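Numbering (this note's numbering), first residue to last: 2 to 179.
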């Protein structure tokens with residue numbers, strides 16, 4: 002057993018999950034994530050799936066091959082991605098995108114989080130959490146996608162993401178591929 006492969010799971014009360022579900026519905030209705038989440042993000046979005054991402058990637062590769070061009074790609078996977086979301090950075094991005102009423106709500110959702118570990122009947126003391134979005138929460142996926150929604154791109158690259166998995170392709174200088 003490799004202890005580094007363990008990750009925390011938030012045990013959230015049912016009432017908390019219901020509240021998160023209501024907040025998520027309100028955010029999706031009021032803010033339309035399509036305006037601030039890149040179209041190439043296929044994870045945690047309605048009408049987007051792994052099959053659509055696979056189709057997009059294979060279509061891109063097929064077009065470059067049909068044009069007798071090279072298709073260079075890098076595939077990245079951020080390990081323990083949800084655990085690496087830095088709260089001040091996330092809040093900065095949220096403040097730029099959402100109205101202040103949502104900002105204050107999400108800020109209070111992230112602030113003062115603590116954890117404890119239980120093993121063999123022993124429980125540790127509480128420790129403060131300064132980064133992460135809660136695993137198994139309703140808002141966690143949206144917050145992660147928001148945190149990574151501004152990944153840098155250029156004219157020479159095409160970026161496809163599914164949650165924390167990223168495919169970066171060199172974009173051939175052919176207008177028919179974009």
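All residues carry an ideal CB built from backbone N, CA and C; glycine is no exception. For clarity, every value in this text was computed on a predicted model and none was experimentally measured.
- Our two residues, residue 167 and residue 118, have alpha carbons roughly 32 Å apart in a direct line.
- Taking all protein chains shown into account, residue 16 has fewer than 16 neighbouring C-beta atoms within 10 Å of its C-beta and is therefore exposed.
- Under the DSSP definition of a beta bridge, residue 72 lacks any partner.
- Your pair residue 145 and residue 99 does not check out as a contact, with CB atoms roughly 15 Å apart and the cut at 8 Å.
- Annotation for residue 88: 111, 131, 132 place their beta carbon closer than 7 Å to its own, counting only its chain and skipping 5 residues before and after.
- Comparing alpha carbon positions, the residue from 108, 74, 47 closest to residue 30 is 47.
- The C-beta distance from residue 21 to residue 138 rounds to 6 Å, short enough to meet the 8 Å contact threshold.
- Collapsing the DSSP output to three states places residue 56 in a helix.
- Secondary structure note for residue 151: it is in no alpha helix (DSSP H), with a DSSP letter that is neither H nor E.
- Taking a C-beta distance under 9 Å as the contact criterion, residue 37 and residue 155 do not qualify as a contact pair.
- Under the criterion of beta carbons closer than 8 Å, residue 72 and residue 65 qualify as touching, at roughly 4 Å.
- Here residue 44 really is in contact with residue 163; their C-beta atoms are around 4 Å apart, less than 8 Å.
- In this structure, DSSP gives residue 84 a helical state, which the three-state scheme calls helix.
- Sixteen is the threshold: since fewer than 16 other Cβ atoms of the shown chains lie within 10 Å of the Cβ of residue 59, the residue is exposed.
- Classified as exposed, residue 62 has fewer than 16 neighbouring CB atoms from the shown chains inside 10 Å of its CB.
- Cβ atoms of residue 161 and residue 57 come within 8 Å of each other, at about 6 Å.
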